[in-house]
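To keep things clear, I will list the structure first and then write my remarks on it.
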Amino acid sequence: MLLFLVLASHVSAESNWDQTGVPANKEWNVQFNTMISSGSVNNETVYVTNEDGKKLSSIQLETKFDKVIVSNNKAYELGKTYQLHITKGVQSIWGKFISKEVVMEFVVQENAPTSGASGSSSKDNQDEELSEIINKYEVKFTNLEDKTEDQFNQLVEQAKDDIASGATFDELESKYLQEFEELEVITDETFNYIYTNLVNELKDNGYSSSYAERFKNEYEESKQDIKNDYI
């Protein structure tokens, strides 16, 4: 399993990695410590190349909340070297990008044993159910983010117009600080409502509420970034 970490302002990854003797049907589980936007994961942002640097068209990608699964519909050639690429296009659900491209080399050895299926069908069903819950709420959180960003940008543009019209700093502070605070209150209330529903649904289906905590952490970090930049 490959582990990717999130810093305060972007997503980064540990690139000092090498793997030899992998099975010909190897499935890579790229684990992040934050929820990943499924829309940012595609064959342009995550892919595998052969020794000639050519992309493999048989690679399949699947995003499960904080994990990207990279599998090959065809067996890798025995004894060949490949590279797994994670590019800067991958981002968290709050828009934080990988800071640099990561290239991870692996070698398929001759007569490498094939890896068995991971887990039972029951566990697979549980993973699928958990993924459906998380993905459903990921859409809700993303919609909230988009709506709030639009409202925030409108206030910023209005402030710029006021500055161009000669408004003083005191006038701007008096007018917009309150509006920003009101927007924050409304957004917090909406986020907490969605978050509480997510926690309850996780518990009702026998899952740990810890799966929801990452949304809250990302939300708080994004709020702080905006305050640092604008307020």
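Heads up: the sequence shown begins at 16 in our numbering, then just goes up one per residue.
The C-beta atom is built at its ideal place from N, Cα and C for all residues, glycine as well.
Being a predicted model, the structure only gives us computed values, none of them experimental.
query = Per DSSP, which one or two residues make a beta bridge with I101?
reply = Counting from 1 along the sequence shown, the entry for residue 101 is found at position 86. DSSP output for I101 lists V61, V117 as bridge partner(s).
request  = Taking L145 as the reference, give the member of K82, E194, E164 with the closest Cα.
outcome  = As a working mapping, residue 145 is identified with position 130 in the sequence shown. Nearest option by C-alpha distance: K82.
task = Taking only the alpha-carbon atoms, compute the straight-line gap between F121 and E66 and give it to the nearest angstrom.
result = The residue labelled residue 121 in the question sits at position 106 within the sequence shown. The residue labelled residue 66 in the question sits at position 51 within the sequence shown. Roughly 11 Å separates the two Cα atoms.
Proximal residues to T35 (C-beta, below 8 Å), its chain only, five neighbours per side dropped = The count along the sequence shown starts at 1 and reaches residue 35 at position 20. The residues are F121, V122, Q124.
Buried or exposed by the 16-neighbour rule on C-beta atoms within 10 Å, applied to T211 = Taking the first residue of the sequence shown as 1, we reach residue 211 at position 196. When all chains shown are included, T211 counts as exposed.
inquiry  = Here's a check: name, in chain order, each residue in its chain whose Cβ is nearer than 7 Å to the Cβ of S86, leaving out the five neighbours to either side.
reply    = Position 71 of the sequence shown, counted from the start, is the residue given in the question as residue 86. Cβ neighbours of S86 beyond the five flanking positions: E42, Q75.
Within 7 Å, strictly: CB atoms of L104 and T60 = Here residue 104 corresponds to residue number 89 of the sequence shown, with the count starting at 1. Here residue 60 corresponds to residue number 45 of the sequence shown, with the count starting at 1. Per the sequence shown, the amino acid found at residue 104 is Gly instead of Leu. With respect to the 7 Å criterion, G104 and T60 are classified as neighbours on the basis of their beta carbons.
query = Going straight from the alpha carbon of N88 to that of A39, what length do you get?
reply = By 1-based counting over the sequence shown, the position of residue 88 is 73. By 1-based counting over the sequence shown, the position of residue 39 is 24. Near 11 Å, if we compare the C-alpha coordinates of A39 and N88.
request  = Leaving aside the five residues before and after I209 along the sequence, list all residues of the same chain whose C-beta is less than 8 Å from its C-beta, in chain order.
outcome  = For this step, residue 209 is matched to residue 194 along the sequence shown. Here I209 has Y152, K155, F156, L159 as same chain residues with Cβ atoms under 8 Å from its own Cβ, once five neighbours each way along the sequence are excluded.
query = Does DSSP put L213 in a helix, in a strand, or in coil?
reply = For the purposes of this step, residue 213 is identified with residue 198 of the sequence shown, where counting begins at 1. It is helical.
inquiry  = Which residues does DSSP list as the beta-bridge partners of I74?
reply    = Translated into the one-based positions of the sequence shown, residue 74 becomes position 59. Answer is N87.
inquiry  = Does E235 come out as helix, strand or coil in the three-state DSSP assignment?
reply    = Working through the sequence shown from its first residue, we reach residue 235 at position 220. Of the three classes helix, strand and coil, the one that applies to E235 here is helix, per DSSP.
inquiry  = So for I51, helix, strand or coil by DSSP?
reply    = By 1-based counting over the sequence shown, the position of residue 51 is 36. Of the three classes helix, strand and coil, the one that applies to I51 here is strand, per DSSP.
inquiry  = On the CB-based measure, 16 or more other CB atoms within 10 Å of its CB, does I201 come out buried or exposed?
reply    = Residue 201 sits at position 186 when you count from the first residue of the sequence shown. I201 is exposed by the Cβ-count criterion.
query = Given that a residue counts as buried once 16 or more other Cβ atoms are within 10 Å of its Cβ, and exposed if not, what is S55?
reply = Counting from 1 along the sequence shown, the entry for residue 55 is found at position 40. So S55 counts as buried.
message = Tell me the rounded alpha-carbon separation between N168 and K162.
response = If you number the sequence shown from 1, residue 168 lands on position 153. If you number the sequence shown from 1, residue 162 lands on position 147. Each residue's Cα considered, the two are about 10 Å apart.
key: Where N150 sits in the DSSP three-state scheme   = In the sequence shown, residue 150 corresponds to position 135, counting from 1. Helix, per DSSP.
ask   = Just to confirm, are E228 and I148 a CB contact at a threshold of 7 Å?
value = Locating residue 228 in the sequence shown gives position 213, counting from the first residue. Locating residue 148 in the sequence shown gives position 133, counting from the first residue. Not closer than 7 Å, so no.
query = Could you give the distance in angstroms between the alpha-carbon of K115 and the alpha-carbon of E92?
reply = On the sequence shown, position 100 is the one that residue 115 refers to. On the sequence shown, position 77 is the one that residue 92 refers to. If I take the Cα positions, the gap works out to 29 Å.
Reduced DSSP secondary structure (H/G/I, E/B, other) of E46 = By 1-based counting over the sequence shown, the position of residue 46 is 31. Before going on, a small fix: residue 46 reads as Gln here, not Glu. Three-state result, Q46: strand.
ask   = With distances taken between CB atoms, is the gap from L6 to E194 smaller than 7 Å?
value = One cannot answer for residue 6 here, as it falls past the ends of the chain, which runs 16 to 246.
inquiry  = Given this structure, state the Cα-to-Cα distance separating A132 from F80, to the nearest angstrom.
reply    = Within the sequence shown, residue 132 is the residue found at index 117, counting from 1. Within the sequence shown, residue 80 is the residue found at index 65, counting from 1. Any reading at A132 must be qualified, since the residue scores a pLDDT of 44, below 50, and its modelled position is unreliable; the value itself is stated next. So the two alpha carbons sit approximately 21 Å from each other.
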